[in-house]
Amino acid sequence: MRPFAPAVLALAFAGSAAAQTRPRVFISADMEGVVGTVTGDQLGPTGFEYGRFREFMTREVLAAIRGARAAGAGEIVVADAHGNGENLLIELLPSDVTVVRSWPRPLGMMQGIDSTFAAVIFLGYHAGTTNPRGVRAHTFSSATLADVRLNGRSVPEGGVNAAVAGHFGVPVVMVSGDDAAVDEVRSVAGSMEGAVVKWSTGFHSARTLTPDSSYRLIEATAARAVRRAREFTPFRLPGPVTLDLRFKNYRPAEILAYLPNVDRTDAHSVRFVGRDILEIVRFLQFVTTYAPSLEP
Numbered sequence: 027m028r029p030f031a032p033a034v035l036a037l038a039f040a041g042s043a044a045a046q047t048r049p050r051v052f053i054s055a056d057m058e059g060v061v062g063t064v065t066g067d068q069l070g071p072t073g074f075e076y077g078r079f080r081e082f083m084t085r086e087v088l089a090a091i092r093g094a095r096a097a098g099a100g101e102i103v104v105a106d107a108h109g110n111g112e113n114l115l116i117e118l119l120p121s122d123v124t125v126v127r128s129w130p131r132p133l134g135m136m137q138g139i140d141s142t143f144a145a146v147i148f149l150g151y152h153a154g155t156t157n158p159r160g161v162r163a164h165t166f167s168s169a170t171l172a173d174v175r176l177n178g179r180s181v182p183e184g185g186v187n188a189a190v191a192g193h194f195g196v197p198v199v200m201v202s203g204d205d206a207a208v209d210e211v212r213s214v215a216g217s218m219e220g221a222v223v224k225w226s227t228g229f230h231s232a233r234t235l236t237p238d239s240s241y242r243l244i245e246a247t248a249a250r251a252v253r254r255a256r257e258f259t260p261f262r263l264p265g266p267v268t269l270d271l272r273f274k275n276y277r278p279a280e281i282l283a284y285l286p287n288v289d290r291t292d293a294h295s296v297r298f299v300g301r302d303i304l305e306i307v308r309f310l311q312f313v314t315t316y317a318p319s320l321e322p
């Protein structure tokens, strides 16, 4: 085998070093905020439009990847953060992207994040459960949770997830979704770029862009956001962190209060105090995932 010339080796090393210095970007992708999504018909395997909207979700992720790469991003990790966590058509993603799939996972929608990332992008996000404006507005569980509060403030999923990123010193630089979602995440987690792909006219209705228009918007917004990453401040919640959960029914509050570190604050509500936001997210994963019938 012919040995590489020194100049070739030096060039290869320089390229490898440059790749390592490019900023890592983490993408957390949900589905309720994807362009055109308005009802359960688009959101799960039994919905007649789900197959098409899986592709729309994937192509929004691809648009964000293109934008981030245009702004100089290196490694990109994507968390499939909707429903069963198996929505993205992974064969359509670039070969150098890695994907976090399925549940349970300790950091929930942010599994894979750590302090080596330079920026976080939220795609397809929706408003929180106390927001009267958003399309499919809920926080983690539309069936069971009526309110999720951190340190006394109601937050959407984007607020919790931004705090997880902030724990590692990473700013959220962009959020996409409907107008209510973009406004709410910014109000909780601070300044960031926003891509509004639809405008809520009700819980199950919206005025929406077409998919191609959303891809162009997301790509341009992601590029701008990653270029500006150093201008944004991580959303930090110093510990201890207090989580208040209000359930739509009384029984979950009753049973969770059997745990020695959980207090029942009223018939429908419990309080858990974690050392940091990571303990809070693990508790949320327990609350929304555990069932006695769980099997491998």
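Just so we're aligned, residue 27 is where the sequence shown starts under the working numbering, counting upward by one.
Where is the CB? At the ideal position from N, CA and C, for every residue including glycine.
Bridge partner(s) assigned by DSSP for residue i
i	result
Trp225	Arg233
Thr124	Val103
Arg253	None, per the DSSP bridge assignment.
Ser54	Ala105, Phe148
Cβ neighbours of residue i in the same chain (closer than 7 Å, five flanking residues each side left out)
i	result
Pro260	Ala191, Gly192, Gly195, Val196, Pro197
Val123	Ile91, Ile102, Val104
Ala96	Ala249
Met296	It is worth fixing the name first, because residue 296 is Val in this sequence and not Met. Only Leu271, Ala279, Leu282, Ala283, Val288, Asp289, Arg290 meet the Cβ criterion.
Val64	Val161, His230, Ser231, Ala232
Thr314	Phe166, Ser167
Trp129	Gly111, Thr315
Asp205	Val222, Trp225, Ser226
Anticipated Cβ contact below 8 Å, residue i with residue j, distance rounded
i	j	result
Arg80	Leu115	6 Å
Val288	Ala145	About 35 Å; that fails the 8 Å criterion.
Asp173	Thr155	6 Å
Gly150	Glu58	7 Å
Met200	Phe143	Not a contact, Cβ separation roughly 13 Å.
Ala215	Leu263	In fact, because the Cβ distance is near 10 Å, the residues do not count as touching under 8 Å.
Gly93	Ala246	6 Å
Ser54	Asn157	With a Cβ gap of about 19 Å, Ser54 and Asn157 do not count as contacting.
Ser213	Phe258	Incorrect: roughly 15 Å between the Cβ atoms, too far for contact.
Sequence-distant residues of its chain with Cβ nearer than 6 Å to residue i (five each side left out)
i	result
Gly265	Arg301, Asp302
Pro237	Val61, Phe82
Gly312	The identity of residue 312 in the sequence shown is Phe, whereas the question assumes Gly. Contacts found: none.
Leu243	Ala221
Gly134	Val307, Gln311
Val126	Ala105, Gln137, Gly138
His164	Thr155
Glu305	none
Ala207	Gly59, Tyr151, His152, Ala153, Gly160
His108	Asp56, Met57
Phe298	Leu269, Val288, Phe309
Arg175	Asp270
Arg131	Gln137
Burial state of residue i, where buried means 16 or more other Cβ atoms lie within 10 Å
i	result
His230	exposed
Tyr316	exposed
Glu219	buried
Asn177	exposed
Asp292	exposed
Gly228	exposed
Pro318	exposed
Asn110	exposed
Glu321	exposed
Phe309	buried
Leu285	exposed
Glu210	buried
Phe74	exposed
Arg277	exposed
Arg179	exposed
Thr72	exposed
Ser202	buried
Sequence-distant residues of the same chain with beta carbon closer than 8 Å to residue i, five excluded per side
i	result
Ser121	none
Arg85	Leu118, Pro237, Tyr241
Gly98	Arg48, Pro49, Val252, Arg253
Asn275	Thr170, His294
Phe183	Residue identity differs from the one stated: residue 183 is Glu in this sequence, not Phe. Closer than 8 Å at Cβ, skipping near neighbours: Asp56, Met135, Tyr151, His152, Gly154, Thr165, Phe166.
Tyr76	Asp67, Gln68, Leu69, Gly70
Neighbour flag for residue i against chain C, beta carbons, 8 Å
i	result
Gly228	The displayed structure is made up of one protein chain only, and chain C is not part of it.
Open item on the list: Could you tell me which whole beta strand (DSSP E) segments of length 3 or greater appear in the stretch 143-220?
Closed with: Qualifying beta strand (DSSP E) stretches, in chain order: 143-151, 171-176, 198-204.
Open item on the list: Quick check for students: name the residue ranges of the alpha helix (DSSP H) that lie wholly in the stretch 255-322, counting only runs of 4 or more.
Closed with: Runs of the alpha helix (DSSP H) inside the stretch 255-322: 277-282, 303-315.
Task: beta strand (DSSP E) runs wholly inside the stretch 57-123, at least 3 long, in chain order - done: With a minimum length of 3 residues, the continuous beta strand (DSSP E) runs that stay inside the stretch 57-123 are 102-106.
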